[in-house]
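Report on the following structure.
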Amino acid sequence: MTDKLINKNDLSKLINDGDTLLVGGFGLSGTPFTLIDVLATLGKKNLTVVSNNLGEKDKGLGILLHKGCLKKAIGSYFTSNRDAVYEWSKGNLEIELVPQGTLAERIRCGGAGIAGFYTKTAAGTKLAEGKEEREFDGETHVFERAIKGDVSLIKAWKADTLGNLIYDHTGRNFNPVMATASKIVIAEVDEIVEVGELSPYEITTPHVYVDYLVLSDYKKIGGKYVVPGS
Amino acid sequence: MTDKLINKNDLSKLINDGDTLLVGGFGLSGTPFTLIDVLATLGKKNLTVVSNNLGEKDKGLGILLHKGCLKKAIGSYFTSNRDAVYEWSKGNLEIELVPQGTLAERIRCGGAGIAGFYTKTAAGTKLAEGKEEREFDGETHVFERAIKGDVSLIKAWKADTLGNLIYDHTGRNFNPVMATASKIVIAEVDEIVEVGELSPYEITTPHVYVDYLVLSDYKKIGGKYVVPGS
Amino acid sequence: MLSQEARIKIAKRVAEELSDGDIVNLGVGIPTLIPDYLGDKKVHLQSENGLLGMGPTPDEKDINMDLISASKHPISMEPGASLFDSSDSFVMIRGGHIDVAVMGALQVDQYGEIANWAIPGKNILGVGGAMDLVAGAKKIIIASMHQAKDGTPKLVEKLTFPTSGNGRANILVTEHAVFKFSDQGTELVEQLSDLSLEQLKEITGAPFTYQGALV
Amino acid sequence: MLSQEARIKIAKRVAEELSDGDIVNLGVGIPTLIPDYLGDKKVHLQSENGLLGMGPTPDEKDINMDLISASKHPISMEPGASLFDSSDSFVMIRGGHIDVAVMGALQVDQYGEIANWAIPGKNILGVGGAMDLVAGAKKIIIASMHQAKDGTPKLVEKLTFPTSGNGRANILVTEHAVFKFSDQGTELVEQLSDLSLEQLKEITGAPFTYQGALV
Numbered sequence: 014m015t016d017k018l019i020n021k022n023d024l025s026k027l028i029n030d031g032d033t034l035l036v037g038g039f040g041l042s043g044t045p046f047t048l049i050d051v052l053a054t055l056g057k058k059n060l061t062v063v064s065n066n067l068g069e070k071d072k073g074l075g076i077l078l079h080k081g082c083l084k085k086a087i088g089s090y091f092t093s094n095r096d097a098v099y100e101w102s103k104g105n106l107e108i109e110l111v112p113q114g115t116l117a118e119r120i121r122c123g124g125a126g127i128a129g130f131y132t133k134t135a136a137g138t139k140l141a142e143g144k145e146e147r148e149f150d151g152e153t154h155v156f157e158r159a160i161k162g163d164v165s166l167i168k169a170w171k172a173d174t175l176g177n178l179i180y181d182h183t184g185r186n187f188n189p190v191m192a193t194a195s196k197i198v199i200a201e202v203d204e205i206v207e208v209g210e211l212s213p214y215e216i217t218t219p220h221v222y223v224d225y226l227v228l229s230d231y232k233k234i235g236g237k238y239v240v241p242g243s
Numbered sequence: 014m015t016d017k018l019i020n021k022n023d024l025s026k027l028i029n030d031g032d033t034l035l036v037g038g039f040g041l042s043g044t045p046f047t048l049i050d051v052l053a054t055l056g057k058k059n060l061t062v063v064s065n066n067l068g069e070k071d072k073g074l075g076i077l078l079h080k081g082c083l084k085k086a087i088g089s090y091f092t093s094n095r096d097a098v099y100e101w102s103k104g105n106l107e108i109e110l111v112p113q114g115t116l117a118e119r120i121r122c123g124g125a126g127i128a129g130f131y132t133k134t135a136a137g138t139k140l141a142e143g144k145e146e147r148e149f150d151g152e153t154h155v156f157e158r159a160i161k162g163d164v165s166l167i168k169a170w171k172a173d174t175l176g177n178l179i180y181d182h183t184g185r186n187f188n189p190v191m192a193t194a195s196k197i198v199i200a201e202v203d204e205i206v207e208v209g210e211l212s213p214y215e216i217t218t219p220h221v222y223v224d225y226l227v228l229s230d231y232k233k234i235g236g237k238y239v240v241p242g243s
Numbered sequence: 089m090l091s092q093e094a095r096i097k098i099a100k101r102v103a104e105e106l107s108d109g110d111i112v113n114l115g116v117g118i119p120t121l122i123p124d125y126l127g128d129k130k131v132h133l134q135s136e137n138g139l140l141g142m143g144p145t146p147d148e149k150d151i152n153m154d155l156i157s158a159s160k161h162p163i164s165m166e167p168g169a170s171l172f173d174s175s176d177s178f179v180m181i182r183g184g185h186i187d188v189a190v191m192g193a194l195q196v197d198q199y200g201e202i203a204n205w206a207i208p209g210k211n212i213l214g215v216g217g218a219m220d221l222v223a224g225a226k227k228i229i230i231a232s233m234h235q236a237k238d239g240t241p242k243l244v245e246k247l248t249f250p251t252s253g254n255g256r257a258n259i260l261v262t263e264h265a266v267f268k269f270s271d272q273g274t275e276l277v278e279q280l281s282d283l284s285l286e287q288l289k290e291i292t293g294a295p296f297t298y299q300g301a302l303v
Numbered sequence: 089m090l091s092q093e094a095r096i097k098i099a100k101r102v103a104e105e106l107s108d109g110d111i112v113n114l115g116v117g118i119p120t121l122i123p124d125y126l127g128d129k130k131v132h133l134q135s136e137n138g139l140l141g142m143g144p145t146p147d148e149k150d151i152n153m154d155l156i157s158a159s160k161h162p163i164s165m166e167p168g169a170s171l172f173d174s175s176d177s178f179v180m181i182r183g184g185h186i187d188v189a190v191m192g193a194l195q196v197d198q199y200g201e202i203a204n205w206a207i208p209g210k211n212i213l214g215v216g217g218a219m220d221l222v223a224g225a226k227k228i229i230i231a232s233m234h235q236a237k238d239g240t241p242k243l244v245e246k247l248t249f250p251t252s253g254n255g256r257a258n259i260l261v262t263e264h265a266v267f268k269f270s271d272q273g274t275e276l277v278e279q280l281s282d283l284s285l286e287q288l289k290e291i292t293g294a295p296f297t298y299q300g301a302l303v
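Chains as they are written, first to last, in our numbering: chain A, 14 to 243; chain B, 14 to 243; chain C, 89 to 303; chain D, 89 to 303.
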């Protein structure tokens with residue numbers, strides 16, 4: 014039906030040791046659970062993950078952490094996963110803490126051909142230490158570099174067969190910017206529809222950004238994602 | 014029906030001599046014709062207009078030029094209006110020429126609290142003369158500052174009574190970024206609908222950005238905007 | 089006063105500071121209680137994970153875990169709500185389009201500088217959108233218990249916890265008082281408990297004025 | 089050869105360079121003729137004013153002047169088309185997501201550097217999206233008559249017109265030939281007219297190689 018649709022197990026050919034992965038989701042919403050499940054079985058090492066948070070304990074990206082696949086995590090909020098805090102305190106995980114808006118903008122720049130930008134956010138704080146600061150209009154700004162990934166793992170609601178994507182409510186979050194900022198973009202979706210079924214006004218991620226589609230193993234029951242087979 | 018709706022003649026109280034105006038539109042699509050018509054009657058002086066182009070001869074922003082309201086124009090393409098070229102050559106109009114993508118991004122930054130950014134676009138060209146250049150990843154980038162306006166004059170298709178906006182096809186163009194980047198934002202719209210009639214997925218400019226709504230005098234007949242009364 | 093009672097008192101008082109039509113971002117903790125005390129006032133709640141027009145917790149049957157708040161709880165949408173991605177959400181926040189951000193704090197200094205993300209000596213692993221809001225919101229209201237759990241005051245002369253940025257709080261509402269901040273320092277504008285001025289001074293870590301005079 | 093005939097010949101030859109599924113941005117002039125010569129090939133046309141999936145000129149009754157191309161002509165949408173604003177459009181262009189940009193040029197140098205926006209001594213008042221495309225497109229094809237109207241060659245050793253940026257063209261297609269550019273210079277890869285190599289050299293302003301040897 015679409016040449017972008019691949020089997021989830023093809024992930025093994027697309028991700029390499031040492032890759033930087035941009036992974037969508039805020040909390041557990043808009044998170045590519047199936048792709049993360051598969052990735053956790055592949056035994057990849059030294060991955061850097063860019064994601065708002067590292068899931069929760071043994072949920073979402075928490076699984077990768079548990080399996081020892083991660084070298085570094087870049088995100089805004091790791092406190093929701095005690096394991097992340099623990100591994101960091103043991104020196105097993107590098108963490109780069111970035112304000113949430115700066116994180117979103119850095120990824121957007123990565124996809125937009127913009128090398129970096131100046132923001133007031135975090136100026137004068139510990140998170141600006143070691144970064145260039147500069148005055149504009151009498152206020153201190155911090156220089157932030159773009160973030161690019163090797164592979165983006167994102168989660169959408171529906172794709173059409175061309176690869177156009179729409180997202181379910183706030184499941185959108187970081188997914189659209191991450192779709193622009195990696196060499197390879199893999200979208201886990203709940204459903205694939207025919208071209209023309211998504212309105213040109215609704216399409217949030219145009220197909221140009223999407224390389225591969227994987228159907229999600231998770232079904233939503235009573236509004237909550239249910240682990241396959243459970 | 015909505016306290017954001019004003020009479021077009023209220024424009025006189027909102028725009029001052031010397032203001033910087035961000036004006037939506039690409040060619041004559043997504044252009045706030047009614048607002049420009051009213052503005053042309055107000056006798057304002059020394060306005061700076063930021064817009065992709067200056068309309069066409071005596072159309073759109075071309076009218077303001079003709080009336081001698083403009084001190085300066087910032088945009089990407091003025092060649093479509095011979096009058097602009099003529100007034101510039103006579104020293105009556107300052108022009109700042111900006112690549113189209115850089116223009117859109119500078120305005121977005123103005124609305125996003127970002128002071129400036131580095132882009133590869135225009136590096137090494139005449140348009141980068143006098144601007145800071147810097148190497149990132151082995152390539153030369155140009156530093157570009159944000160653009161902010163005093164008043165944005167934009168054109169949308171439908172508003173709801175809260176001020177949420179949707180745009181007609183490619184009439185969107187610069188309007189959404191301009192909606193974020195001025196102290197006062199006035200949207201000319203074809204139609205105002207009840208809250209709830211626009212889908213949360215369709216709304217392109219959330220109401221937070223819109224201060225005032227003005228109903229358009231222009232009706233589209235056979236797909237073309239027709240001058241009122243003609 | 090029981091803690092929950094105090095928290096509700098703070099939420100009610102902050103609600104009075106909000107105006108019809110305000111675009112408001114509510115942080116975790118006490119701020120999340122505010123919507124219950126708005127009465128007829130209609131404010132527009134922004135959630136930094138990508139929604140303007142956040143509505144109340146839905147009935148169990150209407151829960152969709154892809155429609156959640158920044159605190160990751162299921163929510164609903166008000167009529168006129170709109171959805172956007174994280175980068176657009178922070179255009180709204182960083183760009184100065186949020187009328188009021190209500191947030192908790194670990195400390196606030198006498199000029200309104202905020203520390204609300206990290207405690208020295210503890211792991212610094214979460215910041216979320218706090219610094220973006222501090223940098224971008226037009227008005228910042230701190231909604232906080234007057235003292236930390238260990239009894240130390242939240243309002244201090246000089247921050248000892250790491251700052252959240254150069255943005256300043258405008259107002260601090262605690263269970264005992266409402267303070268306003270300016271370049272001149274802290275002003276007590278309203279007492280909310282039966283503590284005497286002397287008693288209030290006792291449990292406050294920064295000098296403040298009241299009716300023009302230093303307390 | 090009549091000018092329009094030559095233009096069509098160029099458009100046809102450029103069409104051969106495009107592949108099924110390519111994301112393509114077409115500049116003004118000759119590039120706008122290309123869609124007519126794609127045959128069964130299905131490419132996705134991007135229009136920098138905010139559309140991916142541009143379709144052909146609509147019937148008179150379906151014209152909507154808010155659905156136009158970057159050349160400001162009425163267009164239609166292909167199934168699967170999407171709409172976006174100018175900033176998102178240039179995320180696509182500047183960010184390297186356009187497979188092929190086909191554009192005209194005033195001059196191209198022997199390494200593919202492009203001059204396509206300004207003539208010295210004339211008013212410099214329009215640039216549009218040209219520099220963004222030069223900086224961002226993965227592949228750039230120049231579709232141009234071999235010589236300017238005054239007979240001067242378009243392919244030159246060194247630009248005398250202002251450069252459009254550091255991005256380089258990959259291919260130049262004229263009515264006489266197809267050239268490829270690399271750091272080594274220009275290579276003639278195909279002749280499209282019955283000019284001899286000597287005659288071609290005559291009307292070309294830069295050295296080029298053919299089958300490994302300098303012509």
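Backbone N, C-alpha and C fix where the C-beta goes; we use that ideal spot for every residue, glycine too.
Next item on the list: Work out the CA separation of Leu140(A) and Phe149(A) for me, nearest whole Å.
Entry: 19 Å
Next item on the list: Can you have a look at Ala103(C) and say buried or exposed, based on whether 16 or more other CB atoms are within 10 angstroms of its CB?
Entry: buried
Item checked: Close Cβ partners of Gly143(C) (< 7 Å) along its chain, the five nearest in sequence each way excluded -> Listed in chain order, the non-local C-beta contacts of Gly143(C) below 7 Å within the same chain comprise Ile163, Ser164, Met165 and Glu166, local neighbours out to five positions each way being set aside.
Next item on the list: Measure from the alpha carbon of Arg147(B) to the alpha carbon of each residue in Ile127(A), Lys237(A) and Thr115(A), then state which is nearest.
Entry: Looking at the Cα atoms, Ile127(A) is the closest of the given residues.
Notebook entry, point to check: Of all the CB atoms in chain A, is at least one closer than 8 Å to the CB of Lys237(C)?
Noted result: no
Margin query: Taking the alpha-carbon of Glu109(B) as reference, which of Lys97(D), Ile212(D) and Leu126(D) has the nearest alpha-carbon?
Written below: Ile212(D)
Next item on the list: Specify the secondary structure class of His182(B) as computed by DSSP and reduced to three states.
Entry: helix
Checklist line | Cβ distance (whole Å) where Ala200(B) is taken to contact Val223(B) below 8 Å | finding: 5 Å
Checklist line | Extent of the continuous alpha helix (DSSP H) to which Trp101(A) belongs | finding: Arg95 to Ser102
Next item on the list: Taking Lys84(A) as part of the alpha helix (DSSP H), name the residues at either end of that continuous run.
Entry: Taken as a continuous stretch (DSSP letters only), Lys84(A) belongs to no alpha helix (DSSP H), being part of the beta strand (DSSP E) at Leu83 to Gly88.
Next item on the list: Have a look at Pro213(B) and Asn188(B) and give me their C-alpha separation to the nearest angstrom.
Entry: 19 Å
Notebook entry, point to check: Helix, strand or coil: which one does DSSP assign to Asp337(D)?
Noted result: Nothing about residue 337(D) can be reported from this structure: the residues present for chain D run from 89 to 303 only.
Margin query: Can you pull the chain C neighbours of Glu251(A), defined as C-beta to C-beta under 7 Å?
Written below: Missing from the structure shown is residue 251(A); chain A here goes from 14 to 243 and no further.
Item checked: Buried versus exposed call for Leu285(D) [16 or more other C-beta atoms within 10 Å across all chains shown] -> exposed
Next item on the list: Compare the beta carbon distance of Val116(D) and Val131(D) with 8 Å and say whether it is the shorter of the two.
Entry: no
Notebook entry, point to check: Is the Cβ-Cβ distance between Val277(D) and Lys289(D) less than 8 Å?
Noted result: no
Margin query: Run through the DSSP bridge pairs and tell me what Gln134(C) is partnered with.
Written below: In the DSSP assignment, Gln134(C) forms a beta bridge with Asn113(C) and Leu140(C).
Notebook entry, point to check: For His154(B), which three-state DSSP category applies?
Noted result: strand
Notebook entry, point to check: In terms of residues, what are the limits of the alpha helix (DSSP H) holding Ser229(A)?
Noted result: Segment: none, Ser229(A) is in no alpha helix (DSSP H) and carries neither H nor E.
Next item on the list: Quick one: give me the first and last residue of the alpha helix (DSSP H) that Asp220(C) is part of.
Entry: Ala218 to Gly224
Margin query: Please list, in chain order, the chain B residues whose beta carbon lies closer than 8 Å to that of Val244(D).
Written below: What Val244(D) touches in chain B: nothing, since even the nearest Cβ is about 17 Å away.
Margin query: With the cut-off set at 8 Å, would you say Thr134(A) and Ala189(C) are in Cβ contact?
Written below: Cβ atoms of Thr134(A) and Ala189(C): not closer than 8 Å.
Margin query: Let's see if you can read the secondary structure: which residues bound the alpha helix (DSSP H) around Leu75(A)?
Written below: It is Gly, not Leu, that sits at residue 75(A) in the sequence shown. Counting along the chain, Gly75(A) sits inside the alpha helix (DSSP H) bounded by residues Gly75 to His79.
Note to self: Going by beta-carbon coordinates alone, are Leu121(C) and Leu133(C) separated by less than 8 Å?
What the structure shows: Contact annotation: Leu121(C) and Leu133(C) have beta-carbon atoms that are not nearer than 8 Å.
Note to self: Is the beta carbon of Val202(A) closer than 8 Å to that of Trp170(A)?
What the structure shows: yes
Next item on the list: Report yes or no: do the segment 142–162 of chain C and the segment 201–211 of chain C share at least 3 C-beta pairs separated by less than 8 Å?
Entry: no
Check: Should Lys210(C) be labelled buried (16 or more other beta-carbon atoms within 10 Å of its own) or exposed?
Finding: exposed
Checklist line | 8 Å Cβ shell around Pro165(A) - same chain, five flanking residues per side excluded | finding: According to the sequence provided, residue 165(A) is Ser. The question's Pro does not apply to it. Hits under 8 Å: Leu34, Leu35, Val36, Gly37, Met191, Ala192, Ala194, Ser195, Ile197, Val198 and Ile199.
Margin query: Using beta carbons (cut-off 8 Å, strictly below), is Ile186(D) in contact with chain B?
Written below: no
Next item on the list: Can you check the segment 230–291 of chain D for any beta strand (DSSP E) of at least 3 residues that lies completely inside it and give the ranges in chain order?
Entry: 259–261, 265–270 and 273–279
Notebook entry, point to check: Hey, Asn59(A) and Asp30(A) are a contact pair by Cβ (cut 8 Å); roughly how many whole angstroms apart?
Noted result: 6 Å
Check: From the beta carbon of Ser309(B), is the nearest beta carbon of chain D less than 8 Å away?
Finding: For chain B, the structure presents residues 14 to 243; residue 309(B) sits outside this window and is missing.
Notebook entry, point to check: Taking C-alpha atoms, which residue in Lys227(D), Gly127(D) and Asp108(D) lies nearest to Lys100(D)?
Noted result: Minimum Cα distance to Lys100(D) is reached at Gly127(D).
Item checked: Close-in-space but distant-in-sequence residues of the same chain around Gly123(A) (CB under 7 Å, 5 per side omitted) -> So the qualifying residues of the chain are Ala159, Ile160, Lys161 and Ala194.
Item checked: Near the ligand ZN: Gly115(D) beta-carbon under 7 Å from a heavy atom -> Absence of the ligand ZN from the depicted structure is noted, as is the absence of any ligand whatsoever, leaving it without description.
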